[in-house]
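Chemist: Dropping a structure here in structure tokens format, bear with me for questions.
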Amino acid sequence: MKKQAVLDILKAVESGSLSADDALTRLKLEPIDDMGFAKVDRHRELRQGASEVIYGEGKTPEHMIKIAKSLISDGQSPVLITRLSPENADIIKKELALTYDERSHVGIVGEIPPADGKGYIVVATGGTTDIPVAEEAALTAEAMGNKVERLYDVGVSGIHRLLAHADIIMNARCIVAVAGMEGALPSVIGGLADCPVIAVPTSVGYGAAFGGVAALLSMLNSCASGLSVVNIDNGFGAGYLASMINHI
Numbered sequence: 000m001k002k003q004a005v006l007d008i009l010k011a012v013e014s015g016s017l018s019a020d021d022a023l024t025r026l027k028l029e030p031i032d033d034m035g036f037a038k039v040d041r042h043r044e045l046r047q048g049a050s051e052v053i054y055g056e057g058k059t060p061e062h063m064i065k066i067a068k069s070l071i072s073d074g075q076s077p078v079l080i081t082r083l084s085p086e087n088a089d090i091i092k093k094e095l096a097l098t099y100d101e102r103s104h105v106g107i108v109g110e111i112p113p114a115d116g117k118g119y120i121v122v123a124t125g126g127t128t129d130i131p132v133a134e135e136a137a138l139t140a141e142a143m144g145n146k147v148e149r150l151y152d153v154g155v156s157g158i159h160r161l162l163a164h165a166d167i168i169m170n171a172r173c174i175v176a177v178a179g180m181e182g183a184l185p186s187v188i189g190g191l192a193d194c195p196v197i198a199v200p201t202s203v204g205y206g207a208a209f210g211g212v213a214a215l216l217s218m219l220n221s222c223a224s225g226l227s228v229v230n231i232d233n234g235f236g237a238g239y240l241a242s243m244i245n246h247i
């Protein structure tokens, strides 16, 4: 149930057009939609400001369709699906108005809402190979009502590429810095910005990168203040957190 729907119910009680008992019934109506294979949390947007997101990996397209329809019927829009395979996306498109991004494997059912965050979020990558994870972060943030500025391929191997966008970095409300290999980009950005920086290590790199562990450890040991770190390749988590920061 969306916050506006709850507010409408309370206003109806205040005006006398709805009884307190009827209002209570509406508020209690199906906070959890128990489908057997899933228990859809229909009150998450009311509690947390963002509705439930579908993690697509390991789920059948039929299950994802049913979960999405439950959220839509409760007024949730858009519905975000992460880690969605192209094959499952094609099946879902036959049932729902799904927009699918093949790079990030993100699917969005419904329209991206107008930006209502306080400012804008920067999503930056060290290299072009980091873009799939960065797009997961950027699309997540956009689906949650944020303006996103993308700065891709601005890694420290050519620092002038990053410094050319110093004005965008310095005026952001939150920055998501995505990098693999040695993971130096978030530390450099953290030295330029006065806003929170969310570091995202990616699994990009040669053998000693250990599938992103090297970048993760570099980011956890960063000397830059105001830096937080999410898990390897977790663009969704970074985009979600950035949205929370931008809506404070």
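Per numbering that gives the first Met the number 0, the sequence shown starts with residue 0, numbered consecutively.
Even for Gly, the Cβ is constructed at its ideal location relative to N, Cα and C.
(1) For residue 187 and residue 102, I'd like the C-alpha separation in whole angstroms.
(2) Quick one: using the 10 Å Cβ neighbour count with 16 as the cut-off for buried, is residue 139 buried or exposed?
(3) Please return the same chain residues whose Cβ sits closer than 6 Å to the Cβ of residue 123, not counting the five positions on each side in sequence.
(4) Would residue 199 and residue 155 be called neighbours here (beta carbons separated by less than 8 Å)?
(5) I need the DSSP call for residue 30, collapsed to helix, strand or coil.
(6) Where does residue 148 fall in DSSP's three states?
(7) Going residue by residue through the stretch 136-212, where are the continuous alpha helix (DSSP H) segments of at least 4 residues, counting only ones entirely within it?
(8) Excluding five sequence neighbours on each side, which residues of the same chain lie with their C-beta closer than 7 Å to the C-beta of residue 19?
(9) Buried or exposed: where does residue 63 fall if 16 or more other Cβ atoms within 10 Å of its Cβ makes it buried?
(10) Put residue 115 into one of helix, strand or coil per three-state DSSP.
(11) Quick check: the Cα distance between residue 43 and residue 162, rounded to an integer number of angstroms?
(12) Could you work out which residue in 167, 24, 98, 52 is closest to residue 236 when comparing CA atoms only?
(13) For residue 160, collect the residues of the same chain with a Cβ closer than 6 Å to its Cβ; drop the 5 residues on either side in sequence, then sort them by chain order.
(14) What residue range is occupied by the uninterrupted alpha helix (DSSP H) comprising residue 226?
(15) Rounded to a whole number of angstroms, what is the C-alpha to C-alpha distance between residue 48 and residue 75?
(16) Short of 6 Å in beta carbon distance, which residues of its chain neighbour residue 210, apart from the five on each side in sequence? Order them along the chain.
(17) Could you check whether residue 109 and residue 88 sit closer than 8 Å to each other, using their CB atoms as the reference points?
(18) Would the beta-carbon of residue 217 fall within 8 Å of that of residue 182?
(19) Identify which residue in 233, 241, 243 has its Cα closest to the Cα of residue 82.
(20) Roughly how many angstroms lie between the CA atoms of residue 145 and residue 33, to the nearest whole one?
(21) Excluding the five sequence neighbours on either side, which residues of its own chain have a C-beta within less than 8 Å of the C-beta of residue 55, listed in chain order?
(22) Taking the CB atoms as reference points, tell me whether residue 114 and residue 238 lie closer together than 8 Å.
(23) Enumerate in chain order the residues of its own chain whose CB-to-CB distance from residue 164 is below 6 Å, with the five nearest sequence positions on each side excluded.
(24) With residue 267 as the anchor, note down where its alpha helix (DSSP H) starts and where it stops.
(25) Quick check: is any heavy atom of the ligand GDP less than 7 Å from the C-beta of residue 133?
Modeler: The relevant details are as follows:
(1) If you number the sequence shown from 1, residue 187 lands on position 188. If you number the sequence shown from 1, residue 102 lands on position 103. So the two alpha carbons sit approximately 26 Å from each other.
(2) As a working note, residue 139 is residue 140 in the sequence shown. Looking at its Cβ environment, which holds 16 or more other Cβ atoms inside 10 Å, residue 139 is buried.
(3) Taking the sequence shown and counting its residues from 1, one reaches residue 123 at position 124. Residues of the same chain with a CB within less than 6 Å of the CB of residue 123, apart from the 5 flanking positions on each side, are 150, 153, 176 in chain order.
(4) Working through the sequence shown from its first residue, we reach residue 199 at position 200. Working through the sequence shown from its first residue, we reach residue 155 at position 156. Not in contact: residue 199 and residue 155 (Cβ atoms no closer than 8 Å).
(5) For the purposes of this step, residue 30 is identified with residue 31 of the sequence shown, where counting begins at 1. If DSSP states are grouped into helix, strand and coil, residue 30 belongs with coil.
(6) Here residue 148 refers to the residue found at position 149 when the sequence shown is read from its first residue. In this structure, residue 148 counts as strand in the three-state DSSP scheme.
(7) 158-162, 165-169, 184-189
(8) By 1-based counting over the sequence shown, the position of residue 19 is 20. These residues qualify, in order along the chain: 12.
(9) Counted from its first residue, the sequence shown places residue 63 at position 64. Flag for residue 63 reads buried.
(10) The residue given as residue 115 occupies position 116 in the sequence shown. Three-state DSSP puts residue 115 in coil, outside helix and strand.
(11) If you number the sequence shown from 1, residue 43 lands on position 44. If you number the sequence shown from 1, residue 162 lands on position 163. The straight-line gap from Cα to Cα measures roughly 40 Å.
(12) Here the question's residue 236 lines up with position 237 in the sequence shown. It is 52 whose Cα lies nearest to the Cα of residue 236.
(13) For this step, residue 160 is matched to residue 161 along the sequence shown. Here the set comprises 153.
(14) Here residue 226 refers to the residue found at position 227 when the sequence shown is read from its first residue. Residue 226 -> not in any alpha helix (DSSP H); beta strand (DSSP E) instead, spanning 226-228.
(15) Taking the sequence shown and counting its residues from 1, one reaches residue 48 at position 49. Taking the sequence shown and counting its residues from 1, one reaches residue 75 at position 76. One C-alpha to the other measures close to 11 Å.
(16) If you number the sequence shown from 1, residue 210 lands on position 211. So the list reads 202, once near-sequence residues are dropped.
(17) One-based indexing of the sequence shown puts residue 88 at position 89. One-based indexing of the sequence shown puts residue 109 at position 110. Result no, Cβ atoms of residue 88 and residue 109 do not sit closer than 8 Å.
(18) Within the sequence shown, numbered from 1, the residue matching residue 217 stands at position 218. Within the sequence shown, numbered from 1, the residue matching residue 182 stands at position 183. Yes, these two residues count as a Cβ contact at 8 Å.
(19) By one-based count along the sequence shown, residue 82 stands at place 83. Taking only the C-alpha atoms, the option nearest residue 82 is 233.
(20) Position 146 of the sequence shown holds residue 145. Position 34 of the sequence shown holds residue 33. Across the structure, residue 145 and residue 33 are spaced so that their CA atoms are roughly 31 Å apart.
(21) Indexing the sequence shown from 1 puts residue 55 at position 56. The residues are 63, 80, 81, 82, 83, 84, 87, 104, 106.
(22) Here residue 114 corresponds to residue number 115 of the sequence shown, with the count starting at 1. Here residue 238 corresponds to residue number 239 of the sequence shown, with the count starting at 1. Not a contact, by the Cβ cut-off of 8 Å.
(23) On the sequence shown, residue 164 is found 165 positions in, with the first residue counted as 1. Answer for residue 164: 150, listed in chain order.
(24) The structure shown has nothing for residue 267, since the chain only spans 0 to 247.
(25) Annotation note on the ligand GDP: not contained in the displayed structure, which lists no ligands.
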